[in-house]
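Student: I have a structure I would like to understand better, so I am pasting it below and will then ask my questions one at a time.
In this note's numbering, the protein residues as written are 15 to 753.
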């Protein structure tokens with residue numbers, strides 16, 4: 015009933031605006047509002063500054079009054095390796111897990127949020143969802159190759175009103191558009207790198223009359239920098255566009271990903287200190303199949319009103335098989351392996367309308383949107399084969415008494431209605447009030463088998479425990495943004511937005527020998543505050559200086575718990591309420607202007623720094639209140655030089671992160687699982703260069719020049735559990751040819 019009433023209010027408001035609107039009154043205002051300040055700052059400006067800020071309305075998205083960033087991908091020499099440390103080098107407070115040498119998966123978080131598979135961001139491609147299940151299983155197993163991107167949009171926690179409720183915000187990958195000036199353009203890139211890594215990226219693009227297309231294929235194959243870590247990946251994408259007339263456009267996108275990777279397993283601290291390259295897991299495998307569809311229609315309803323309708327679907331699976339033990343150092347028994355299979359079948363659609371109108375004799379823009387999502391996730395866990403190959407078939411007939419057996423269906427429905435409105439108070443000041451209504455229904459229907467044996471492995475208990483959980487909730491999230499242009503080179507922005515994160519299926523369904531789940535685990539909620547100043551000073555310095563505050567209720571994390579039998583286990587559940595605040599600064603110096611160099615030169619230097627403070631302010635768990643929040647390095651510093659002379663490009667980057675905890679009890683020493691403990695500080699140096707000669711481009715680079723031995727994560731599951739070492743010194747060379 016609440017949903018129906020609220021929906022009717024939104025529809026009535028929308029219809030009223032259309033009825034009373036006079037499009038001719040808003041023509042000039044509308045053109046001013048849909049701006050983005052022509053943010054596709056190409057050529058010289060794009061080469062000097064690797065980033066820009068989004069302001070106003072673009073593609074039916076509101077950016078005013080939000081902490082945001084547009085990252086340019088062009089001229090990034092390391093794009094072939096999907097190196098997130100370099101791609102997000104000028105994004106503040108970003109914590110990155112580095113687990114492989116080819117960027118098969120993206121693991122980024124910020125401001126104390128878990129980076130694991132970017133679960134705390136609403137991750138999209140061309141503005142539609144690409145994660146397994148944005149609510150029930152928000153893990154991003156598929157990430158488009160950087161070579162296929164034109165830019166990346168990032169909006170912090172204020173994105174909870176337009177895109178989803180996540181604390182981290184919104185992360186969108188903009189795939190390159192078809193070449194509008196040619197019928198066919200072919201680009202092929204081949205990369206050779208350390209550890210027998212080979213990648214090929216080939217794209218075909220063009221426009222014929224009112225039709226346009228862009229297609230790419232990306233192949234990756236390598237041995238990995240540790241034993242038992244070879245992989246192969248195939249990624250295909252196609253875009254077809256049709257411009258019916260000046261008011262209506264249609265497009266269809268298809269994305270396919272398949273990759274198989276051997277998992278070398280995690281390490282304990284002692285194993286890492288002895289030899290970080292070692293592996294005692296040769297039978298662990300991981301496989302992904304991802305198939306995404308998207309159909310999109312853009313309507314220009316009038317000179318003041320635009321609408322975008324986007325329908326999307328996902329058919330995907332992730333399978334993992336291997337020997338898992340809560341003792342990472344335990345030698346493989348070569349018996350049956352643990353097999354976990356998940357299938358994802360999702361459909362959804364999203365509609366957005368932007369309408370420009372006059373308020374207080376000034377232009378204003380209203381954004382109305384609706385999203386519907388229906389998904390079903392199937393999780394099955396049971397005995398795998400005793401072999402060493404990538405066999406993802408269950409072996410119940412051979413191992414009927416395997417203890418970790420479960421079967422769960424997890425259907426869910428999510429309906430959201432949202433609105434934001436840019437209201438201009440004067441020529442320099444605007445506010446952006448907004449709200450989002452969410453209805454979420456998640457179900458978990460299935461069973462787990464409980465099997466107990468005596469010391470002689472005789473079964474003394476074998477029973478099926480069925481369970482059904484239906485969680486229904488609806489709520490409103492509110493937010494308010496503020497923007498004040500102190501001059502044409504300085505903007506003050508502020509925002510306060512509420513956030514929400516539902517308990518995921520992975521939290522409650524899968525049996526993991528490394529930890530247990532608190533049966534009372536519940537959803538998280540809180541809010542984000544941002545206050546900052548940003549702008550460009552005489553084309554010489556681009557800057558963004560800001561403060562933020564995040565309050566996190568019922569934060570989910572790990573603690574060490576002692577049970578009645580005196581055993582100590584890692585438990586995942588609601589740890590307590592936390593506050594995280596910090597100062598973030600990004601400065602980019604354009605020495606081309608500062609030194610008055612001629613047009614053949616582009617020379618810049620950036621400083622990216624954040625100082626964070628985070629602690630648990632209340633907790634029902636003994637020994638947690640007053641502790642530091644996990645995944646929050648106090649100091650996060652990156653700096654780099656970028657020098658271009660005509661067709662020669664050179665990049666140098668330094669990265670430093672201070673130490674961080676991985677559990678709420680602030681354990682420094684690890685346990686036998688390697689799951690908790692300190693992540694020590696580390697410093698990394700990277701260098702890259704490229705040269706363009708007509709249609710040929712050569713790229714060279716060396717990452718981790720000083721050969722630092724370090725790690726960025728303690729994995730709770732695959733590719734662990736335990737410490738996952740980051741790659742040592744490695745080299746690469748890329749040759750690109752454009753037809």
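For every residue, glycine included, the Cβ atom is placed at its ideal position computed from N, Cα and C.
When the distance is taken between beta carbons, is residue 139 closer than 8 Å to residue 187?
Tutor: yes
Student: First and last residue of the beta strand (DSSP E) that includes residue 605?
Tutor: No beta strand (DSSP E) contains residue 605, which is instead part of the alpha helix (DSSP H) from 605 to 608.
Student: CA-CA distance, residue 71 and residue 411?
Tutor: 59 Å
Student: Among the candidates 213, 313, 670, 171, whose CA atom is the shortest distance from the CA of residue 265?
Tutor: Ranking 213, 313, 670, 171 by Cα distance to residue 265 puts 313 first.
Student: Can you confirm whether the segment 536 to 544 touches the segment 554 to 574 when touching is taken to mean that 3 or more C-beta pairs between the two stretches lie within less than 8 Å?
Tutor: yes
Student: Could you give the distance in angstroms between the alpha-carbon of residue 614 and the alpha-carbon of residue 715?
Tutor: 23 Å
Student: What do you reckon, are the CB atoms on residue 197 and residue 224 nearer than 8 Å?
Tutor: no
Student: Between the beta-carbon of residue 391 and the beta-carbon of residue 300, is there less than 8 Å?
Tutor: no
Student: Between residue 632 and residue 595, how many whole angstroms is the CB-CB distance? I'm expecting something under 8 Å.
Tutor: Not confirmed; about 16 Å, so no contact.
Student: Taking 8 Å as the threshold, find out whether the segment 345 to 352 comes into contact with the segment 174 to 185 through three or more Cβ pairs.
Tutor: no
Student: Please classify residue 284 as buried or exposed, where buried requires at least 16 neighbouring CB atoms within 10 angstroms.
Tutor: exposed
Student: Output needed for residue 325: all residues of its chain with C-beta closer than 6 Å, excluding positions within five of it in sequence on either side, in chain order.
Tutor: 309, 363
Student: Specify the secondary structure class of residue 81 as computed by DSSP and reduced to three states.
Tutor: coil
Student: Which stretch, first to last residue, makes up the alpha helix (DSSP H) that contains residue 288?
Tutor: 283 to 288
Student: What does a CB cutoff of less than 7 Å around residue 642 pick up in its chain, not counting 5 residues either side in sequence?
Tutor: 628, 629, 675, 680
Student: Going by other Cβ atoms of all chains shown within 10 Å of its Cβ, with 16 needed for buried, is residue 646 buried or exposed?
Tutor: Answer is buried; the Cβ neighbour count reaches 16.
Student: Among all the DSSP beta bridges, which residues are the ones paired with residue 567?
Tutor: 539
Student: Note down, in chain order, each residue of its chain lying with its Cβ closer than 7 Å to the Cβ of residue 751, except the 5 sequence neighbours on either side.
Tutor: 202, 709, 710
Student: Sort 103, 73, 79 by Cα distance to residue 668 and report the nearest one.
Tutor: Of 103, 73, 79, the residue nearest in Cα terms is 103.
Student: Residue 740: buried (16+ other C-beta within 10 angstroms of its C-beta) or exposed?
Tutor: Residue 740 should be labelled buried.
Student: Go ahead and pull the three-state DSSP assignment for residue 44.
Tutor: Its pLDDT being 34, under 50, residue 44 is placed unreliably by the model, and nothing is read from it.
Student: Alpha carbon to alpha carbon, how far is residue 461 from residue 533?
Tutor: 15 Å
Student: For my contact list, residue 535 and residue 571 are in at a C-beta cut-off of 8 Å; report their separation, rounded to the angstrom.
Tutor: Going by Cβ atoms, the distance from residue 535 to residue 571 rounds to 11 Å, so no, they are not a contact pair.
Student: For the alpha helix (DSSP H) holding residue 628, just list the boundary residues, first then last.
Tutor: Note, residue 628: premise wrong, no alpha helix (DSSP H); beta strand (DSSP E) at 615 to 632.
Student: Enumerate in chain order the residues of its own chain whose CB-to-CB distance from residue 468 is below 8 Å, with the five nearest sequence positions on each side excluded.
Tutor: 474
Student: Alpha carbon to alpha carbon, what distance is there between residue 250 and residue 214?
Tutor: Computed Cα separation, rounded: 12 Å.
Student: Using the Cβ count rule (16 or more neighbours within 10 Å means buried), how would you classify residue 230?
Tutor: buried
Student: Less than 7 Å separating the Cβ of residue 544 from some heavy atom of the ligand SAH?
Tutor: This structure simply doesn't include the ligand SAH, nor any ligand for that matter.
Student: Residue 667 lies in the beta strand (DSSP E); which residues open and close that run?
Tutor: 662 to 671
Student: Looking only at its chain, what residues have a beta carbon closer than 6 Å to the beta carbon of residue 496, apart from the 5 residues adjacent to it on each side?
Tutor: 79, 445, 508
Student: When we look at the beta-carbon of residue 450 and count the other beta-carbons within 10 Å, is it buried (16 or more) or exposed?
Tutor: With a threshold of 16 other beta carbon atoms within 10 Å, residue 450 meets it and is buried.
Student: Starting from residue 686 and walking both ways along the beta strand (DSSP E), at which residues does that stretch end?
Tutor: Per DSSP, residue 686 is not a residue of any beta strand (DSSP E), being assigned neither H nor E.
Student: Tell me whether residue 747 sits in a helix, a strand or coil according to DSSP, three-state version.
Tutor: strand
Student: Rounded to whole angstroms, what is the Cα-Cα separation between residue 130 and residue 612?
Tutor: 45 Å
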